[in-house]
Every structure is written in C-alpha cells, then in structure tokens.
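Engineer:
Residue numbers (the UniProt record's numbering): 1 to 429.
1. Which value, in whole angstroms, describes the spacing of the CA atoms of residue 344 and residue 380?
2. According to DSSP, is residue 360 part of a helix, a strand, or is it coil?
3. If you count every other CB in all the chains shown that lies within 10 Å of the CB of residue 355, and 16 or more means buried, which is it?
4. Secondary structure at residue 270, three-state DSSP: helix, strand or coil?
5. Name the DSSP bridge partner or partners of residue 397?
6. Could you check whether the region 383-399 touches the region 306-316, counting it as contact only if at least three pairs of C-beta atoms, one from each stretch, sit closer than 8 Å?
7. Under 8 Å by Cβ, that's how I've got residue 358 and residue 336 pegged, so tell me the actual separation to the nearest angstrom.
8. If you drop the 5 nearest sequence neighbours on each side, which residues of the same chain put their C-beta closer than 8 Å to that of residue 191?
9. May I have the straight-line CA-CA distance separating residue 319 from residue 328, to the nearest angstrom?
10. For residue 331, count neighbouring Cβ atoms within 10 angstroms of its own Cβ and tell me buried if that reaches 16, exposed if not.
11. Answer with buried or exposed for residue 378, where buried requires no fewer than 16 other C-beta atoms within 10 angstroms of its C-beta.
12. Excluding the 5 residues preceding and the 5 following residue 271 in the sequence, name in chain order all residues of the same chain whose CB lies nearer than 6 Å to its CB.
13. Going by Cα to Cα distance, which pick from 383, 92, 118 is closest to residue 254?
14. Could you check if residue 367 is buried or exposed, using at least 16 other CB atoms within 10 Å of its CB as the buried criterion?
15. Whole-angstrom Cβ separation of residue 300 and residue 350, contact assumed at under 8 Å?
16. In its own chain, which residues sit with a C-beta less than 6 Å from the C-beta of residue 306, not counting the 5 before and 5 after it?
17. What does the Cβ neighbour count give for residue 374, buried or exposed, with the cut at 16 atoms within 10 Å?
18. Quick check: the Cα distance between residue 220 and residue 213, rounded to an integer number of angstroms?
19. Ordered along the chain, which non-local residues of its own chain (more than five positions away) have a Cβ less than 8 Å from that of residue 338?
20. Is residue 37 buried or exposed, if buried means 16 or more other CB atoms sit within 10 Å of its CB?
21. Exposed or buried, what is residue 269 when buried is set at 16 or more other beta-carbons lying within 10 Å of its beta-carbon?
22. Which residues share a DSSP beta bridge with residue 392?
23. Count the other CB atoms within 10 Å of the CB of residue 135; is the residue buried (16 or more) or exposed (fewer)?
24. Quick one: what's got a C-beta closer than 6 Å to residue 273's C-beta in the same chain, skipping five residues either side?
25. If we ignore side chains and look at the alpha-carbon of each, how far apart do residue 109 and residue 96 end up?
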C-alpha cells in the first residue's frame, strides 16, 4: 500500500526524512545498527489500508495530495530560484554600485592626491622663488653695501687728495706772497722814485697839451670872429640843418601815421571786416560784391532765435541804424549787456553787415596792460576808424574790464585805466 516495494516517484523528498529518522535515532549504537519498529508500523498501516473499504480512493487522494504538494514544492523552488536570481541581481547591482562608489572614491582620492601633490609642488616652487628672491635681495644688498663702502672710500680718498692739493696750493700761494712782499720791501724805494718821475712827466705833458690846445683854439676863434662873412655863413648853415632835421622828423611821423591809418591795423583791433589795400589786390571779389551791395542780408537777425520782446527791440535797433546810415545822420551809441555766449558779438557783426558798415572788434582787457600807452593806442584806433569810407561800427567786447567810475581812486593801475577811460569818453562825445 502507498506503493511500498515500488520505486518512489520523482520529486518525493518526504520519504527521505522518515527513512533517515530511525538511523538518526539509533546512531548511538554504531554505524550499522537498524531499528525495524518503524517499518513494522508502516507495514501494519499498509495492511490496514488494503483491508479498508475506500483504500483506492484514499490512495488516489493521497496521490493527488502528494502531487499537489510536489507542485507546491516546485512552485516554492521556482519562487526561491526567482528570489535567488533577484537576490543575485540585487547583489550584482550592489556590487556594481559599491564598485562604482569605490571607483569614484578612488578617483576622488586620486584627484585629491593630485591636487595635494600640485599644491605641494606649487608651495615648493613658491618657496624656491621666495628663497631665490631673498637670496637675490641679500646679494643685491651686499653689492649695494660694497658699492657704498667703495664710494665712501673713494670719497674719502678724493677729499684727502683735495685737502692735500689745497694745502699745497695754500703753501705755494703763501710762499709766492711772502716772496713778493719781500721783493716789494726791497724795491720800495726804487718803485717810489719811478712813480714820482712818471707823475712828473705826465703832468708836464698834460700842461703842454692844454697850453697848445688853448693857444690853437683861441687863435681860431679870434680869426673866426674877426671874419663876418664866415660867421654869417656858419649861422645860416646851422639854422638850415636844424630846420631840415625837424622837418624830416615831423614828416616821417606824419607819413607813418598816414600809412598805418590807410594800410595797417591798430594793435587793439582783434577782428575787422575792413580790408587793407594788400587784401583788396590779392582778392578783389569780396570788395566788388561789397561795392555793388551783393549778398547784403535783408534781415539782421536771420537765423538767430531770441525772446520775442528782445527780438523786436533788436530789429528796431537794426532798422534805425540802417536808416541812419542811409540818411547820413549821426549815429548813437549802443550798450549790449548779458552773460557770455548770448550773441552780443554775433548781433554786432550782423548789424554792421545789414547797415552797410564795416566793423572792428576789440577787447577791453587789452587796454589795461598797455598802461600809459593806452591813450595813444586809443587815439590810433579812432584815427584809423575815421578814415573808413563806408563808416565803421566799433564793438568793445568785455568793456567792463577797464571802464569804471570817475570817483574810484586807488592804485597806479586804476589811475592809468581811468585816464584811458576818460580819453575814450572824450572821443565818443
């Protein structure tokens, strides 16, 4: 029963523990002892089962149960194998991770070691450079000290040589002076006698010359005064000569001022539209246009942007100046005031061109440095301006540099400026 005496089916490991149990139980009796009690009980159970009514069904059930157990055991074995494979995979992954971590750690360790070695090399190189620099500095310091010692020794040698040379020269000079003194003492009487003789001869020579000159001049004067014709001719010649010198001097000054007024330009004038004869001959076209009034602006403020009230006042001034020039009426003075760069000089130039006048621009700061010559230069300026055929508009820029009140009295410079200012007011009046 249960297949006793039959070969056991594959995958039935349950019988092995049952057969091994008696052997384990009787293991204390020797290596070949056997206990038949278990087999007897099994045989008895088998006989009882064969006698039972449902023995075949029980056998089939036991067989199915055993098969089910075997399938379950195989499933567990496969599950265990899958778990083992998963464990192997995890183990391999862990080993790979550990290997990767070890490699990373080894790489990081190598990098750190390389960095440390590089730092050590850099530090060693820096220490070498510092040591070399210190060595060079020490060598340079030693060389400087040696040069200083050599220079000090050379200076001491030169000072000693100079001192010796000075002493030698002093001794030489002292010896020469002493020799000369001795020689002068020995020859004093001889020199004194020679000086007396020389003075006596010089005095006699001078007296003889004075007597001769007096006699000669006296004789000539008496002869000249005694001849009336020579005396008259001499007086007339001296008079004519004095008159000629004075006439030449005056005519030269007048001619120079005339040429300067016609051809030159005063030193006070910074800029002018008046053309000299040389400029007219070199480039006559602008002069021809000016004579024919070609290119004369019709608007004095063309291209100038001003405040409406100021624009109206300046246009009125431009129109009044134009009509004054046209009617040959006397002109009036105009004072333009305002901060620098507001267009005062620009308006003065435009006013002159619009009115058909020439213009001359001078700076008040140029008058003060002239001192006493300021009055003369102002006189030359107005003399030059008076010879203009078309009329001239004179613009004094920065006039406050030398214009002042009459009551201001102070330094010498202020007095000179006041004189120039008074003379300018006198000419303007």
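By construction, the Cβ of each residue, glycine as well, lies at the ideal position given by its N, Cα and C atoms. The model shown is predicted, which means the values in this text are computed figures rather than measured ones.
Structural biologist: This is what the structure holds:
1. Taking C-alpha positions only, residue 344 is separated from residue 380 by approximately 25 Å.
2. Three-state DSSP puts residue 360 in a strand.
3. Buried, because 16 or more other Cβ atoms sit within 10 Å of the Cβ of residue 355.
4. Note: residue 270 maps to strand in three-state DSSP.
5. Under DSSP, the beta-bridge partners assigned to residue 397 are 363.
6. Contact between the region 383-399 and the region 306-316 is absent: fewer than three C-beta pairs spanning the two stretches fall below 8 Å.
7. Actually they do not touch by this definition, with Cβ atoms about 18 Å apart.
8. Within the same chain, residue 191 has close Cβ partners 184.
9. Going from the Cα of residue 319 to the Cα of residue 328 covers about 14 Å.
10. Of the residues assessed, residue 331 falls on the exposed side of the cut-off, its CB having fewer than 16 other CB atoms within 10 angstroms.
11. Under this definition residue 378 is a buried residue.
12. Taking residue 271 as the centre and dropping the five residues before and after it, the same chain places the C-beta of 361 closer than 6 Å to its C-beta, in chain order.
13. Nearest to residue 254 by alpha-carbon distance, out of 383, 92, 118, is 383.
14. Burial call: buried.
15. Going by Cβ atoms, the distance from residue 300 to residue 350 rounds to 5 Å, so yes, they are a contact pair.
16. Excluding sequence neighbours, residue 306 sits near nothing in its chain.
17. Taking all protein chains in view, the Cβ of residue 374 is crowded by 16 or more other Cβ atoms within 10 Å, so the residue is classified as buried.
18. Residue 220 and residue 213 have their C-alpha atoms spaced approximately 11 Å apart.
19. Counting only Cβ-Cβ distances below 8 Å, and skipping sequence neighbours, we find 344.
20. That one is exposed.
21. That one is buried.
22. DSSP, once it has assigned bridges, lists 358 as partnering residue 392.
23. Classification of residue 135: exposed, given that the 10 Å Cβ count is below 16.
24. Excluding positions up to five away in sequence, the list reads 358, 359.
25. Each residue's alpha carbon lies about 19 Å from the other.
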